[in-house]
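First residue of the sequence shown? That's 1127 in the working numbering, and the numbers climb one at a time after it.
Here a beta-carbon is modelled for each residue, glycine too, at the ideal position from N, C-alpha and C.
Bear in mind the structure is a predicted one, so any value in this text is a computation, not a measurement.
Take a look at the structure set out below.
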Amino acid sequence: MAGVKISNLKKQYIVDKQRIHALKNVNLTIPDGSFTTIVGKSGCGKTTLLRLLCGLEEPTEGVIEFTCREESCKEISGKSVGIVFQESRLMPWLTVKENMAFPLFKTKSKKQADKIVEEYLHIMGLGKFKNAYPSQISGGMAQRAAVGRTLCYNPDIILMDEPFAALDYFTRNNLQEEIVKLFLSQGKTIVFITHNVEEAVYLGEKIVVLNEGQVIMEHKVPLSYPRQSNTLDFINIKEEILNTIIGNREKLNA
Ligand SMILES: Nc1ncnc2c1ncn2[C@@H]1O[C@H](COP(=O)(O)OP(=O)(O)OP(=O)(O)O)[C@@H](O)[C@H]1O
Ligand SMILES: [Mg+2]
């Protein structure tokens, strides 16, 4: 298991000779075994932060440290970070089961891999479709397979970049419930990016609001799981987060 400590993180890009400050000075602690949601408007730096966390990009400045519960383990390698993208990114020539087994083929025997994959096929409700190809399953099922593939790999930290954004309301609600159940049963560290404030409140123990490359709010959600989106407490938190995002835009425009 692992957490993350992010210190003075900056990421700049040069586009058409102009410097883009995608992340300006991000400081954030993501505790081991916690569920953090990151919310903010399009272009505020959410995906950039995730790409830096999983090592797909290097910071311009600043440090990302992985922390472990065990004292002996001060750092973990990038191998312990799993990522789920907005689209499932399944390989179309492999079946659901083969896609889920794919990350295991170097580190596990076929027998071990089969056992792990069977377990997650069951957890993700895909047992009946294990021999189907991605073109033969729905978008929600493909996304479940993508989540299952990441879980099979057993990463210490799971990063999710708007994984349910393209799904219909019902499928999305279903998968949100499943992610909460997985979090409660497996205690993984999860960082979940969304632009949907309701989703952020439904899922996160802590909500981080990003705006123009900066953390403008960290909000601990004092609600137990599973959460009901129609309760007064839930609606109040949602309003507060929305006001932070909108209020900041108004201040910036003033
Ligand atoms: N590879 C890149 N090269 C140049 N600029 C980039 C690159 N990736 C991101 N950016 C810029 O960094 C800023 C933040 O982008 P990012 O993709 O992190 O936003 P986001 O919050 O994920 O937005 P969305 O909600 O639309 O996915 C944007 O101005 C974007 O144009
Ligand atoms: Mg993005």
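Can you grab the Cα-Cα spacing for the pair residue i / residue j, in whole Å?
{"i": "Gln1144", "j": "Gln1138", "result": "10 Å"}
{"i": "His1321", "j": "Ser1206", "result": "26 Å"}
{"i": "Val1306", "j": "Met1286", "result": "13 Å"}
{"i": "Val1130", "j": "Phe1231", "result": "28 Å"}
{"i": "Glu1187", "j": "Gln1262", "result": "45 Å"}
{"i": "Lys1254", "j": "Tyr1295", "result": "23 Å"}
{"i": "Ile1319", "j": "Ile1164", "result": "5 Å"}
{"i": "Glu1324", "j": "Ser1355", "result": "7 Å"}
{"i": "Ile1283", "j": "Thr1173", "result": "16 Å"}
{"i": "Lys1167", "j": "Leu1293", "result": "19 Å"}
{"i": "Val1327", "j": "Gln1312", "result": "20 Å"}
{"i": "Asp1142", "j": "Gly1171", "result": "19 Å"}
{"i": "Leu1182", "j": "Ala1258", "result": "30 Å"}
{"i": "Leu1378", "j": "Ile1371", "result": "Here the model assigns Leu1378 a pLDDT of 49, short of 50, so the residue's position is not dependable, and the following value carries that caveat. For Leu1378 and Ile1371, the distance between alpha carbons rounds to 11 Å."}
{"i": "Thr1162", "j": "Val1334", "result": "7 Å"}
{"i": "Leu1308", "j": "Thr1233", "result": "23 Å"}
Near residue i, which residues of its chain fall below 7 Å by C-beta distance, leaving aside the five closest residues on each side in sequence?
{"i": "Leu1216", "result": "Asn1225, Pro1260, Ala1268, Ala1271 and Ala1272"}
{"i": "Pro1185", "result": "Leu1135, Lys1136, Lys1137 and Leu1178"}
{"i": "Ile1101", "result": "Nothing can be reported for residue 1101: it is not among the residues displayed for the chain, which extend from 1127 to 1380."}
{"i": "Tyr1246", "result": "Met1226, Gly1274, Leu1277 and Cys1278"}
For a test of the three-state rule: what should DSSP assign to residue i, helix, strand or coil?
{"i": "Asn1300", "result": "helix"}
{"i": "Ala1227", "result": "helix"}
{"i": "Glu1191", "result": "strand"}
{"i": "Lys1137", "result": "strand"}
{"i": "Thr1381", "result": "Outside the displayed range of the chain (1127 to 1380) lies residue 1381, so it cannot be described from this structure."}
{"i": "Asp1294", "result": "coil"}
{"i": "Thr1174", "result": "helix"}
Confirm the yes/no value for this check: CB of residue i, any heavy atom of ligand 1, distance under 7 Å.
{"i": "Cys1180", "result": "no"}
{"i": "Val1335", "result": "no"}
{"i": "Val1152", "result": "no"}
{"i": "Val1323", "result": "no"}
{"i": "Gly1171", "result": "yes"}
{"i": "Val1317", "result": "no"}
Going by the C-beta, is residue i closer than 7 Å to any heavy atom of ligand 2?
{"i": "Lys1167", "result": "no"}
{"i": "Lys1137", "result": "no"}
Using C-beta distances below 8 Å, list every residue in its chain close to residue i, excluding the 5 sequence neighbours before and after it, in chain order.
{"i": "Glu1366", "result": "His1345"}
Any chance the CB of residue i is under 7 Å from a heavy atom of ligand 3?
{"i": "Asp1287", "result": "Of the ligands this structure carries, namely ligand 1 and ligand 2, none is ligand 3."}
Which residues in the same chain as residue i place their Cβ atom closer than 6 Å to its Cβ, once the five residues preceding and following it in sequence are excluded?
{"i": "Glu1191", "result": "Lys1131"}
Does the segment 1299-1317 come close enough to the segment 1146-1155 that 3 or more CB-CB pairs lie under 8 Å? Because the criterion of three Cβ pairs below 8 Å is not met, the segment 1146-1155 and the segment 1299-1317 do not touch.
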